[in-house]
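Visitor:
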Amino acid sequence: MKVIINEDENNNEIEVIINCKSINEDVINILSKLKEEENVITGLKDNKVYIIKPDNILYFESVDKKTFMYTKKDIYESNLRLYEIEEKFSTYHFFRASKSTIINISKISVINPIMGGRIEVLLENKEKLIVSRQYVPILKAKLDY
4 MKVIINEDEN NNEIEVIINC KSINEDVINI LSKLKEEENV ITGLKDNKVY IIKPDNILYF
64 ESVDKKTFMY TKKDIYESNL RLYEIEEKFS TYHFFRASKS TIINISKISV INPIMGGRIE
124 VLLENKEKLI VSRQYVPILK AKLDY
């Protein structure tokens, strides 16, 4: 990878241009890092609002029309719907695992195929989640599995 920085007194904002042969995992990682500062999410816990970086989130879950985000230590409520989270964090390592769950792929430790074409994933916090069979091909494609 080659990095070129051009200083220009007339430039009022930072502009980043990525030249690449194709968009691959490295390019997506670079985009994620660039957008990291602007893409935070707020979570509610004990009547307090917390600002959470996407890299700290293990997964999102929708239960009874409420959206929750899980970190290693805490659970926060979000005012966003799952489809909004998918859009907001499309350049991150998140993927839809079921109609009610979005998982951070970078937080998966173990992948275990189970009956019915589904996959059980073990997260860094030792929690197990199920990937519905309709979303298994998406996970496999993202992991080159």
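Per our numbering, the very first residue in the sequence shown carries number 4; after that it's consecutive. All C-beta atoms, glycine included, are put in the ideal place defined by N, C-alpha and C.
1. Assign Y163 to one of three DSSP states: helix, strand, or coil.
2. Give me the residue from N14, A144, E16, R84 with the minimum Cα distance to H96.
3. If you compare alpha carbons, which of N107, D49, V139, F71 is closest to M118?
4. Taking L83 as part of the beta strand (DSSP E), name the residues at either end of that continuous run.
5. How long is the line joining the alpha carbons of E130 and I8, rounded to whole angstroms?
6. Please report the distance separating the alpha-carbon of K76 from that of E90.
7. Within a Cβ cutoff of 7 Å, which residues of the same chain sit near T94, ignoring the five residues on either side of it in sequence?
Guide: In short:
1. The structure shown does not extend to residue 163, since the chain is modelled only from 4 to 148, so the question has no answer here.
2. Taking the first residue of the sequence shown as position 1, residue 96 is located at position 93. When only C-alpha atoms are compared, the closest one is A144.
3. One-based indexing of the sequence shown puts residue 118 at position 115. Selected option, being the one with the closest Cα: V139.
4. The sequence position of residue 83 within the sequence shown is 80, counting from 1. Premise fails: L83 is in no beta strand (DSSP E) and is neither H nor E.
5. By 1-based counting over the sequence shown, the position of residue 130 is 127. By 1-based counting over the sequence shown, the position of residue 8 is 5. Roughly 43 Å separates the two Cα atoms.
6. For this step, residue 76 is matched to residue 73 along the sequence shown. For this step, residue 90 is matched to residue 87 along the sequence shown. Taking the straight line from one Cα to the other gives about 25 Å.
7. Walking along the sequence shown from the start, residue 94 turns up at place 91. Only I31, L34, S35, K38 meet the Cβ criterion.
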